[in-house]
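S.K.:
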Amino acid sequence: SQQGEEDPQALSIQEGENATMNCSYKTSINNLQWYRQNSGRGLVHLILIRSNEREKHSGRLRVTLDTSKKSSSLLITASRAADTASYFCATVSGSARQLTFGSGTQLTVLP
Amino acid sequence: KAGVTQTPRYLIKTRGQQVTLSCSPISGHRSVSWYQQTPGQGLQFLFEYFSETQRNKGNFPGRFSGRQFSNSRSEMNVSTLELGDSALYLCASSTGPGANDSPLHFGNGTRLTVT
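For the protein sequence lines, the chains are A and B, in the order given.
Residue 138 in our numbering sits at position 104 of the first sequence; the count goes up by one each step and never skips.
Residue 77 in our numbering sits at position 71 of the second sequence; the count goes up by one each step and never skips.
What follows is the structure, encoded as structure tokens:
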């Protein structure tokens with residue numbers, strides 16, 4: 035079963051614009067991770083944020099986590115055509131060791 | 007360092023047959039997890055192996071099984087294939103146990119089509 039939902043399901047923007055994707059989850063978590071998937075390929079890890087952290091940055095990526103609202107957001111600044119992909123949030127909860135994925139956001143960056 | 011390698015890349019099987027998928031983790035990674043990805047159900051956890059022992063199992067029927075060898079390479083097997091088993095099967099490895107403290111590194115997957 036999926037932990038939560040991502041919003042929007044699809045997002046289309048122009049190159050250079052910022053893209054924001056949101057993720058909501060249902061249970062308390064140990065950490066939340068964001069992954070990118072290019073069509074038909076494997077997932078690439080982007081950022082891991084722990085439950086006691088509120089914000090993390092990596093290059094053009096910024097992730098926030100609000101445990102009181104059980105939500106996270108991924109911001110990609112100055113997007114490029116190469117950022118076109120599906121983006122998934124995934125959580126790890128309790129004693130579980132596996133990732134529980136959201137439904138994903140399909141991002142299209144138009145040149 | 008080489009990434010996670012999955013073979014074969016594509017497979018076409020007939021209902022009722024069985025299939026074995028292979029995964030070689032990143033060198034030094036002892037944890038291997040398997041996930042199934044379908045358009046309808048999304049990404050779902052199958053099982054995780056750490057030091058040759060299954061540590062965790064998802065909600066899949068017993069037709070889905072796996073194992074891990076002493077060199078950390080892993081195989082998963084699906085017996086008596088059904089049409090609904092058509093999916094992208096993804097293997098991932100990590101340094102620690104599962105995804106609790108470290109990210110997962112995914113292979114490019116095996117695309118299984120059951121006809």
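For each residue, glycine too, the CB sits at the ideal point set by N, CA and C.
Quantities reported herein were computed from a predicted structural model and do not represent experimental measurements.
(1) When Cβ atoms are compared, which residues of the stretch 13 to 28 of chain B fall closer than 8 Å to chain A?
(2) By a C-beta neighbour count over all protein chains shown, 10 Å radius and 16 as the cutoff for buried, is residue 119 of chain B buried or exposed?
(3) Below 7 Å on C-beta distance, what does residue 137 of chain A contact in chain B?
(4) Starting from residue 10 of chain B, follow the beta strand (DSSP E) in both directions and report where the run begins and ends.
(5) Give the secondary structure of residue 98 of chain B by DSSP, where H, G and I count as helix, E and B as strand, and everything else as coil.
(6) Closest by CA to residue 66 of chain A, which one among A:81, A:45, A:142, A:54?
(7) Kindly indicate the opening and closing residues of the beta strand (DSSP E) around residue 110 of chain A.
(8) Between residue 99 of chain A and chain B, is there a C-beta pair that is closer than 8 Å?
(9) By the three-class DSSP mapping on this structure, what secondary structure does residue 41 of chain A have?
(10) Whose Cβ in chain E lies nearer than 7 Å to the Cβ of residue 131 of chain A?
(11) Using 8 Å as the Cβ pair cut-off and three pairs as the minimum, do the stretch 99 to 111 of chain B and the stretch 124 to 143 of chain A touch?
(12) For a contact defined as C-beta to C-beta under 7 Å, what are the partners of residue 64 of chain A on chain B?
(13) Opposite residue 78 of chain B in the DSSP bridges: which residues?
(14) Which chain B residues are close to residue 126 of chain A, counting only those with a beta carbon under 8 Å from its beta carbon?
(15) Compute the beta-carbon to beta-carbon distance between residue 162 of chain B and residue 24 of chain B, rounded to the nearest angstrom, for a pair I have assumed lies under 8 Å.
(16) Inspect the beta-carbon positions of residue 14 of chain B and residue 116 of chain B and report whether they are closer than 8 Å.
M.R.: To lay it out plainly:
(1) none
(2) The count along the second sequence starts at 1 and reaches residue 119 of chain B at position 113. Exposed, since its Cβ has fewer than 16 Cβ neighbours within 10 Å.
(3) As a working note, residue 137 of chain A is residue 103 in the first sequence. Result: 48.
(4) For the purposes of this step, residue 10 of chain B is taken as residue 4 along the second sequence, with counting starting at 1. First-last for residue 10 of chain B: undefined, no H or E at that position.
(5) Your numbering for residue 98 of chain B matches position 92 in the second sequence. In the structure shown, residue 98 of chain B sits in a strand (DSSP, three-state: E or B).
(6) For the purposes of this step, residue 66 of chain A is identified with residue 32 of the first sequence, where counting begins at 1. For the residues A:81, A:45, A:142, A:54, the minimum Cα distance to residue 66 of chain A belongs to A:81.
(7) For this step, residue 110 of chain A is matched to residue 76 along the first sequence. It spans 105 to 110 - the beta strand (DSSP E) in which residue 110 of chain A sits, taken as one unbroken run.
(8) If you number the first sequence from 1, residue 99 of chain A lands on position 65. No, no contact with chain B.
(9) Position 7 of the first sequence, counting from 1, holds the residue named residue 41 of chain A. In the structure shown, residue 41 of chain A sits in a strand (DSSP, three-state: E or B).
(10) Protein chains A and B are contained in the structure displayed, whereas chain E is not.
(11) yes
(12) Residue numbering aside, residue 64 of chain A sits at position 30 when the first sequence is read from its first letter. Chain B residues near residue 64 of chain A: 106.
(13) By 1-based counting over the second sequence, the position of residue 78 of chain B is 72. Looking at the DSSP assignment, residue 78 of chain B forms no beta bridge with any residue, so it has no partner.
(14) As a position in the first sequence, residue 126 of chain A is number 92, starting the count at 1. Under the 8 Å cutoff, chain B gives 104, 105, 106.
(15) Residue 162 of chain B falls outside the range modelled here, since chain B spans only 7 to 121, and no answer is possible.
(16) For the purposes of this step, residue 14 of chain B is identified with residue 8 of the second sequence, where counting begins at 1. For the purposes of this step, residue 116 of chain B is identified with residue 110 of the second sequence, where counting begins at 1. In contact: residue 14 of chain B and residue 116 of chain B (Cβ atoms closer than 8 Å).
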